[in-house]
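Here is the structure we will look at, set down as structure tokens.
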Amino acid sequence: MNRTALLALTVLLLPLSAGAAPALPDGAGTVSIPAQEWPLKPGPRQITVHIRYPGGESKIESVRPTTGLMLSLHNWGGTNFVGTADPAVLAQRFDVVAIGVDYLQSGKQASILDPEPYDFGWLQALDALRALHFVFDGLKQRGIKFDSTRIFTTGGSGGGNVSLMANKLAPRTFTAVIDMCGMKKLSDDVAFNLPGGSKLNARYVRDSAHPFHLTPDAQELRFLGNPAHLATMKRLGCAAKIFTVHGVEDFTCTDADEFAANMKASGLDFTYVRVTKDMLDGKVFTSAGHALGNRTLIVGHVAGKYLDRRSPDALHRRGPTDFERKEDIRYATTNGAWIVSYDKGYPVGRFEAAVKK
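Each residue of the sequence shown is one higher than the last, beginning at 17 in my numbering.
Given below as structure tokens:
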């Protein structure tokens, strides 16, 4: 790499001050953008966004009026595109700008070794949506036309969880969601590391005076099959085609059947791909457990005809995104409500406690 290219890359990777607006890279690249404060570690926070454009050279000039946007989100403990679909393949096959996000607690240290409890989708999804908005708004600011009716998200394991939560927090933004073996529920088993269940440990405590306490409201929000919240999504007009791909022998994330039953009852557009041993082909599906198989091929296998703009079954979302509507999304819980404000275009989340009478 020559000195000029190295200098350009160094500038691109420098963290920006809170509130700064970085520019989209001209080619495949990585940028840092401001994110919402994490109460457990107050102060300015940055997230890393990984961007891949369509075309063999992955240049911004390859973005066309037909090009969509697609999040591809890494697993619990991962960074970049680890444990999810290959962004280069997604960008080329489906004519999308593929976006990866190092959301809150990315990497083994922050997600597994550090003492703070695992966020389990709330700020992580807000981070993913901020990254999506960064690309969405950045293209518009540069006058580059793209197809905003083609916005997708996928992810494996923790990335599947964040994809589903992103759709919950922005229910009128996505065209399709492909969750691969993601967590569907912050159960007591996972939250408190109970014996005999999942190996996942989110490190929460029951003591209400402890900063790592899991409130009932936080747990209710993180139940992606929460019937009342699914009804809210339906009422708001969520029309994304949602896929869950989950192995019958997945003992890491064990709440898929309950989630699927509630999704089907909700009336949302939902497809449950329940991977059994007789589906294993050694190529797409290699396991009925948590691993599933080739997570790049799985996306195309289960949803390719809906993501491919050239297909007669290609999907297009109707109506403006939540970024453009600039309204609040509200999910009621036992002691108040979780609110996501799009007043600034990008999402800002908060909890509002109910007023005691």
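Glycine is no exception: its CB is placed at the ideal position from the N, C-alpha and C atoms.
The model shown is predicted, which means the values in this text are computed figures rather than measured ones.
For the region 185 to 193 against the region 334 to 343, are there 3 or more C-beta pairs whose distance is under 8 Å?
In short, these stretches touch, since the Cβ pair count reaches three.
Taking a contact to mean a Cβ-Cβ separation below 9 Å, would you say L89 touches G172 in this structure?
Cβ distance < 9 Å, so L89 and G172 count as in contact.
Could you tell me whether the Cβ atoms of D135 and L120 are closer together than 9 Å?
Going by C-beta atoms, D135 is nearer than 9 Å to L120.
Counting only the same chain and skipping the five closest in sequence on each side, list residues whose C-beta sits under 7 Å from that of I128.
Excluding sequence neighbours, I128 sits near G93.
Report the option in T46, N177, A101 and A256 whose CA atom is closest to the CA atom of R65.
The residue you asked about is not Arg; residue 65 is Val in the sequence shown. Out of T46, N177, A101 and A256, T46 has the C-alpha closest to the C-alpha of V65.
T100 and M196: beta carbons closer than 9 Å?
Yes, they are a contact pair.
Should E73 be listed as close to the ligand NAP, given that the test is whether its C-beta is under 8 Å from any heavy atom?
In the structure on display, the ligand NAP does not appear, and there are no ligands present to speak of.
Can the beta-carbon of P131 be found less than 9 Å from the beta-carbon of F228?
Closer than 9 Å, so yes.
Quick one: grab the DSSP three-state call for D297.
Residue state, collapsed to three classes: coil.
Rounded to whole angstroms, what's the CA-CA distance from D359 to D294? Just pull it up for me.
If I take the Cα positions, the gap works out to 49 Å.
Residues bridged to P50 by DSSP?
Answer by DSSP bridge pairing, in chain order: Q62.
Using three-state DSSP, classify L85 as helix, strand or coil.
Three-state DSSP puts L85 in a strand.
Using a Cβ-Cβ cut-off of 7 Å (strictly less than) and excluding sequence neighbours within five positions of D329, which residues of its own chain qualify?
K321 and Y322, listed in sequence order.
Figure out for me which residue from T349, A104, D42 and D266 has the closest Cα to the Cα of K75.
Checking every option, the nearest Cα to that of K75 belongs to D42.
Quick one: measure Cβ to Cβ for R68 and A114, integer angstroms, because I've assumed they're closer than 8 Å.
Contact flag correct, Cβ pair sits at about 4 Å.
Where does H317 sit, in a helix, a strand or coil, going by DSSP?
Residue state, collapsed to three classes: helix.
Taking DSSP as the reference, what is the three-state secondary structure of R146?
It is helical.
Since K200 is in the beta strand (DSSP E), which residue starts that stretch and which ends it?
From DSSP, K200 is part of no beta strand (DSSP E); its letter is neither H nor E.
Are the beta-carbon atoms belonging to K257 and T287 less than 9 Å from one another?
Contact: yes.
Taking the alpha helix (DSSP H) that P103 falls in, what are its first and last residues?
Residues P103 to F110.
Around the C-beta of L210, are 16 or more other C-beta atoms found within 10 angstroms, so that it is buried, or is it exposed?
It is exposed - the Cβ of L210 has fewer than 16 other Cβ atoms within 10 Å.
When you compare each of Y347, D344, T312 and A370 to V98 by their alpha carbons, which one comes out closest?
It is T312.
Please classify F267 as buried or exposed, where buried requires at least 16 other C-beta atoms within 10 Å of its C-beta.
Exposed: under 16 other Cβ atoms inside 10 Å.
My parser needs the beta strand (DSSP E) runs of 3 or more residues fully inside the region 154 to 230; what are they?
Those beta strand (DSSP E) runs which fall completely within the region 154 to 230 and span 3+ residues are 167 to 172 and 192 to 196.
Can you say whether S327 is buried or exposed, counting buried as having 16 or more other CB atoms within 10 angstroms of its CB?
Counting Cβ neighbours within 10 Å, S327 comes out exposed, since fewer than 16 surround it.
Give the list of continuous alpha helix (DSSP H) stretches no shorter than 4 residues that lie fully inside the region 328 to 368.
The qualifying runs are 338 to 341.
Of the residues V178, N217, G298 and H262, which one's Cα is nearest the Cα of F239?
The candidate whose alpha carbon is nearest that of F239 is V178.
D130 bridges to which residues according to DSSP?
Note: D130 sits in no beta bridge, so no partner.
Among S203, V318 and G298, which residue has its Cα nearest to the Cα of G309?
Cα-wise, what sits closest to G309 is G298.
Considering only DSSP beta bridges, list what F118 is partnered with.
The sequence given here places Asp at residue 118; Phe does not occur at that position. In the DSSP output, where bridge partners are listed per residue, D118 has T64.
Considering only residues of the same chain and omitting the five flanking positions on each side of K250, which have a CB-CB separation below 8 Å?
So the list reads S282, G283 and L284, once near-sequence residues are dropped.
Nearest to V79 by CA position, among Q125, S122 and D163, is which residue?
Nearest option by C-alpha distance: D163.
Does R166 pass the burial test, meaning 16 or more other C-beta atoms within 10 Å, or should it be called exposed?
Buried.
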